[in-house]
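In what follows, a single structure is set out as structure tokens and then discussed.
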Amino acid sequence: MAPAASPWEPRTRAGGTYPGPVPAVAVVLPAEEWTARAAAHEARVQRWTAPHRERRQRGESHPVLDFLFTYYSETPGRLRRWHPGPAAALAPSPDGPAPHAAWRSYATADDGTVGLDVAGYLAERGSTVRFVRDLLAATASRPPQTGCLGLHEWAMVYRADERRHAVPLRLGRAGTDAVVESHPVRCSHVDAYRFFTPDAVGLNRLRPTRQTQVAMEQPGCLHATMDLYKWAYKLSPAVPGELVADCFELAVEVRELDMRASPYDLADRGYPPVRIETPEGKAEYVAAQRGFARRAAPLRQRLVDLCDTLLTSQLTAAWPGSPPTVTRAPAAPSAGAPYGRGVTPPRPDRWLRLDGTTNTRDLGGLPTTDGGTTAFGRVLRSDNLQTLSDDDLRRLAELPLRDVIDLRTTAEVLLEGRGPLRAVEGVTHRHLSLLPEKGHHTDVFAVEEDDVPDLPADWAETVLPRQTTEADEVEPPAVRSYLGYLHHRPENVLAALRVIAGGEGAAVVHCAAGKDRTGVVVVFALAAAGVPHEEIVADYAMTADVIDALVAKLRTSPTYAEDMTNRDVASHTPRAGTMRRLLQILDERHGGPLGWLTEHGFGPDEQAALRSRLRG
1 MAPAASPWEP
11 RTRAGGTYPG
21 PVPAVAVVLP
31 AEEWTARAAA
41 HEARVQRWTA
51 PHRERRQRGE
61 SHPVLDFLFT
71 YYSETPGRLR
81 RWHPGPAAAL
91 APSPDGPAPH
101 AAWRSYATAD
111 DGTVGLDVAG
121 YLAERGSTVR
131 FVRDLLAATA
141 SRPPQTGCLG
151 LHEWAMVYRA
161 DERRHAVPLR
171 LGRAGTDAVV
181 ESHPVRCSHV
191 DAYRFFTPDA
201 VGLNRLRPTR
211 QTQVAMEQPG
221 CLHATMDLYK
231 WAYKLSPAVP
241 GELVADCFEL
251 AVEVRELDMR
261 ASPYDLADRG
271 YPPVRIETPE
281 GKAEYVAAQR
291 GFARRAAPLR
301 QRLVDLCDTL
311 LTSQLTAAWP
321 GSPPTVTRAP
331 AAPSAGAPYG
341 RGVTPPRPDR
351 WLRLDGTTNT
361 RDLGGLPTTD
371 GGTTAFGRVL
381 RSDNLQTLSD
391 DDLRRLAELP
401 LRDVIDLRTT
411 AEVLLEGRGP
421 LRAVEGVTHR
431 HLSLLPEKGH
441 HTDVFAVEED
451 DVPDLPADWA
461 ETVLPRQTTE
471 ADEVEPPAVR
481 SYLGYLHHRP
491 ENVLAALRVI
501 AGGEGAAVVH
511 CAAGKDRTGV
521 VVVFALAAAG
531 VPHEEIVADY
541 AMTADVIDAL
551 VAKLRTSPTY
561 AEDMTNRDVA
571 SHTPRAGTMR
581 RLLQILDERH
591 GGPLGWLTEH
601 GFGPDEQAAL
611 RSRLRG
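Last residue of the sequence shown? That's 616 in full-length UniProt numbering, and every number before it is there in order.
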């Protein structure tokens, strides 16, 4: 059936700097067409998502295919969703508007037609679109290099006792190391290189970093080809479902080659090895690598063209007469929006303006339910403390600061450093990660500076591991993460509170940004002090006041750069509703934050001590 004429007409975007194809006319797809395409898309990806869900329910893992659902963060549920892309809108069915009407970044016109709200999407995701476009266009401009032989997987286990996968090595420990030592290592992909073992890092003839990613990525790299899937879903919902599925299916094939050429013995899983240590294996790998580069080229170009279309046009409703009323699906507010709407603005004097931090504030000055206030100079909350100046150290010493509670992962601490407070006499550091970490949990502050902590070989993979609980999948992502902290690391939440309760001077609780992990610990501290829920919400939402500067700071760190660059500021901004929902769940399940503490062994006496510390 021919598509119906569309009221959604493209309009050239003034001042566009990305020349690219602007569709002459957008189309409205009749219901029978878009429902058929949506069903076909779901059936297509179910081939991969259904077995993954079944394995997860059985508690099993797959060393090859699980990578596509764990390293890459798109969930099976979101992958099954079909999107029409920016150049098509969806006519209503007899049952009403398309379900997309309730999805993020969509708008519904008066006649029930649903389409992507391109202007709103760009306001929220424009920087992501530009980054992806620039990266992919730069990659496409280079000839494919095929001399790496997949040695990145070998470098990830080089001279390591522990491995990323519970699978035996084909050549054993010594044989694997010998292959690495007898071949030149030329890895240009930063997200492969960052997982090299410490002994392998110096063997790489290239030094890819997040800052050099656009300049170094090349189309012969298997990981750059797999990443087409990542960029497709990161641009969602602007990418048509068929293109997402095309990128995913190519990523599956590339991943299979990647692991067949790895040092792991996967023959019993149906993956015969590509023996890159032999001349025949090298030739087989290079031929496959070139084939994937050819197949990836049109997918990469389709993504570049899509970005150009988004950046040079806006598909807007263009009905004759007065503008129609458009009902927009819920979306993140733009910069400057009232993230704390309905929340009484907190006291501005709670901010501690330090040279080396962006989000440091005192928990003093908050009203309590009995008419009192929390005391100043007892507990601070903060972002990363790595770049404190000498003047900052002096000011903190005057409090006096006695305890630093670091909620970062071991990998974050080792990649970013312990920070200058480590050298300040009288300050005790406590490392209490709220994220699950693989292998041995090393307190990096309990070892000497030159000691190498006892960590698994893939320790850097756990910088910010994904963390949720399956029972809470219906909750918003931030709420799921916060519940994950409480589910996976309750002992460290309690340990942090015990440090505060037992301290003699001031304590500072911090993570990377000082909003999520720090925010969860602060919830319980403030609740114990008698601070009412809405004031806890207001304190949480204060980070929105500095979010632009905070994200800009984290973007300068290779540890956090990708997450900061590939997500818009709005997605990092704390919203009052997130904390309200967490408190509501604690009320419903445990009778409140204090009930959760009691259930986990932090009883009335310890709660009283914590209250006393914050109340003075």
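C-beta: ideal position from N, C-alpha, C; glycine also.
These figures come from a predicted structure and were not determined experimentally.
Legend entry - Straight-line gap, VAL379 to LEU610 (C-alpha atoms, nearest Å): Indexing the sequence shown from 1 puts residue 379 at position 379. Indexing the sequence shown from 1 puts residue 610 at position 610. Near 11 Å, if we compare the C-alpha coordinates of LEU610 and VAL379.
Legend entry - Per-residue DSSP class, three states only, for TRP82: Locating residue 82 in the sequence shown gives position 82, counting from the first residue. Looking at TRP82 - three-state DSSP - the assignment turns out to be coil, as it is neither helix nor strand.
Legend entry - Contained beta strand (DSSP E) runs [length at least 3] in the region 500-556, N- to C-terminal order: 506-510
Legend entry - Straight-line gap, LEU414 to ARG44 (C-alpha atoms, nearest Å): Walking along the sequence shown from the start, residue 414 turns up at place 414. Walking along the sequence shown from the start, residue 44 turns up at place 44. Those two C-alpha atoms are separated by around 42 Å.
Inset, instruction - Just mark ASP451 as buried or exposed, buried being the case when its beta carbon has 16 or more other beta carbons within 10 Å. - result: Sequence index remark: in the sequence shown, residue 451 carries index 451 (1-based). Unreliable placement is indicated for ASP451, whose pLDDT of 42 sits below 50; no coordinate value is reported for it.
Inset, instruction - Check ASP406 in the structure and name its three-state DSSP category. - result: As a working mapping, residue 406 is identified with position 406 in the sequence shown. ASP406 falls in the strand class under three-state DSSP.
Legend entry - THR428: first and last residue of the uninterrupted beta strand (DSSP E) it sits in: For the purposes of this step, residue 428 is identified with residue 428 of the sequence shown, where counting begins at 1. From DSSP, the beta strand (DSSP E) with THR428 extends over 428-431.
Legend entry - Bridge partners - GLY115, DSSP secondary structure assignment: On the sequence shown, position 115 is the one that residue 115 refers to. Beta-bridge pairing links GLY115 to ALA89 and ALA107.
Inset, instruction - Work out the CA separation of SER262 and GLY270 for me, nearest whole Å. - result: The sequence position of residue 270 within the sequence shown is 270, counting from 1. The sequence position of residue 262 within the sequence shown is 262, counting from 1. Cα to Cα, the separation comes out at about 14 Å.
Inset, instruction - Determine which residues share a DSSP beta bridge with PRO367 and list them. - result: Looking up residue 367 in the sequence shown gives position 367. Answer by DSSP bridge pairing, in chain order: THR373.
Inset, instruction - Mind the definition here: the region 225-236 touches the region 294-305 only if three or more C-beta pairs lie below 8 Å; say whether that holds. - result: yes
Inset, instruction - Determine the extent of the alpha helix (DSSP H) in which VAL569 is found, giving its start and end residues. - result: Counting from 1 along the sequence shown, the entry for residue 569 is found at position 569. Its alpha helix (DSSP H) spans residues 569-572.
Legend entry - Backbone secondary structure at VAL326 - three-state DSSP: As a first step, residue 326 is located in the sequence shown; it is residue number 326 there, counting from the start. For VAL326, the pLDDT reaches just 32, beneath the cut-off of 50, and the residue's location in the model is therefore unreliable, although a value from the coordinates is still provided. In this structure, VAL326 counts as coil in the three-state DSSP scheme.
Legend entry - Neighbour-count burial assignment, SER188, 16 or more Cβ in a 10 Å radius: Position 188 of the sequence shown, counted from the start, is the residue given in the question as residue 188. Its Cβ being crowded by 16 or more others within 10 Å, SER188 is buried.
Inset, instruction - Specify the secondary structure class of VAL179 as computed by DSSP and reduced to three states. - result: Looking up residue 179 in the sequence shown gives position 179. Three-state result, VAL179: helix.
Inset, instruction - Could you check which residue in ASP403, ALA527, MET259 and ASP199 has the C-alpha nearest to that of TRP596? - result: Within the sequence shown, the letter at position 596 stands for residue 596. TRP596 has its Cα closest to that of ALA527, out of ASP403, ALA527, MET259 and ASP199.
Legend entry - Span separating the alpha-carbon of ALA50 from that of ARG422: For the purposes of this step, residue 50 is taken as the residue at position 50 of the sequence shown. For the purposes of this step, residue 422 is taken as the residue at position 422 of the sequence shown. Cα-Cα distance, rounded: 49 Å.
Inset, instruction - Give the DSSP bridge partners of GLY96, in chain order. - result: Here residue 96 is taken as the residue at index 96 of the sequence shown, counted from 1. SER93.
Inset, instruction - Could you give the DSSP three-state label for TYR193: helix, strand or coil? - result: For the purposes of this step, residue 193 is taken as residue 193 along the sequence shown, with counting starting at 1. Of the three classes helix, strand and coil, the one that applies to TYR193 here is helix, per DSSP.
Legend entry - Bridge partners - TYR264, DSSP secondary structure assignment: Numbered from its first residue, the sequence shown carries residue 264 at position 264. Answer is LEU169, bridged to TYR264.
Legend entry - Where the alpha helix (DSSP H) through LEU610 begins and ends: Taking the first residue of the sequence shown as position 1, residue 610 is located at position 610. LEU610 -> alpha helix (DSSP H) spans 604-615.
Legend entry - Three-state secondary structure assigned by DSSP to ASP362: Here residue 362 is taken as the residue at index 362 of the sequence shown, counted from 1. Looking at ASP362 - three-state DSSP - the assignment turns out to be strand.
Inset, instruction - Per DSSP, which residues does residue 618 bridge with? Please list them. - result: Past the edges of the chain, shown from 1 to 616, lies residue 618, and the structure says nothing about it.
Legend entry - For LYS553, the nearest candidate out of ARG589, SER571, ALA513 and GLY77 (CA to CA): As a first step, residue 553 is located in the sequence shown; it is residue number 553 there, counting from the start. If we check each option's Cα against that of LYS553, ALA513 comes out closest.
Inset, instruction - Check SER236 in the structure and name its three-state DSSP category. - result: Position 236 of the sequence shown, counting from 1, holds the residue named residue 236. Of the three classes helix, strand and coil, the one that applies to SER236 here is coil, per DSSP.
Legend entry - CA nearest to the CA of LEU243, picked from SER127, ALA38 and PRO593: Taking the first residue of the sequence shown as position 1, residue 243 is located at position 243. Taking only the C-alpha atoms, the option nearest LEU243 is ALA38.
Inset, instruction - Assign GLN213 to buried or exposed, taking buried as 16 or more other Cβ atoms, counted over all protein chains shown, within 10 Å of its Cβ. - result: Position 213 of the sequence shown, counted from the start, is the residue given in the question as residue 213. Buried, since its Cβ has 16 or more Cβ neighbours within 10 Å.
Inset, instruction - Could you check the C-alpha separation between SER382 and VAL508 for me, to the nearest Å? - result: Here residue 382 is taken as the residue at index 382 of the sequence shown, counted from 1. Here residue 508 is taken as the residue at index 508 of the sequence shown, counted from 1. Here the alpha carbon of SER382 sits roughly 7 Å from the alpha carbon of VAL508.
Legend entry - Environment of GLU217 [buried if 16+ CB atoms lie within 10 Å]: What you label residue 217 is simply residue 217 of the sequence shown in a count that begins at 1. GLU217 comes out buried.
Inset, instruction - With a threshold of 16 other CB atoms inside 10 Å of the CB of VAL537, please say whether the residue is buried or exposed. - result: Position 537 of the sequence shown, counting from 1, holds the residue named residue 537. Under this definition VAL537 is a buried residue.
Legend entry - Exposed unless 16 or more other CB atoms sit within 10 angstroms - verdict on GLY616: On the sequence shown, residue 616 is found 616 positions in, with the first residue counted as 1. Taking all protein chains shown into account, GLY616 has fewer than 16 neighbouring C-beta atoms within 10 Å of its C-beta and is therefore exposed.
Legend entry - CB of ARG394 within 8 Å of CB of LEU434, strictly: By 1-based counting over the sequence shown, the position of residue 394 is 394. By 1-based counting over the sequence shown, the position of residue 434 is 434. Against a cut-off of 8 Å, the Cβ pair of LEU434 and ARG394 comes out as no contact.
Legend entry - Any 3 or more C-beta pairs closer than 8 Å across the region 248-257 and the region 171-180: no
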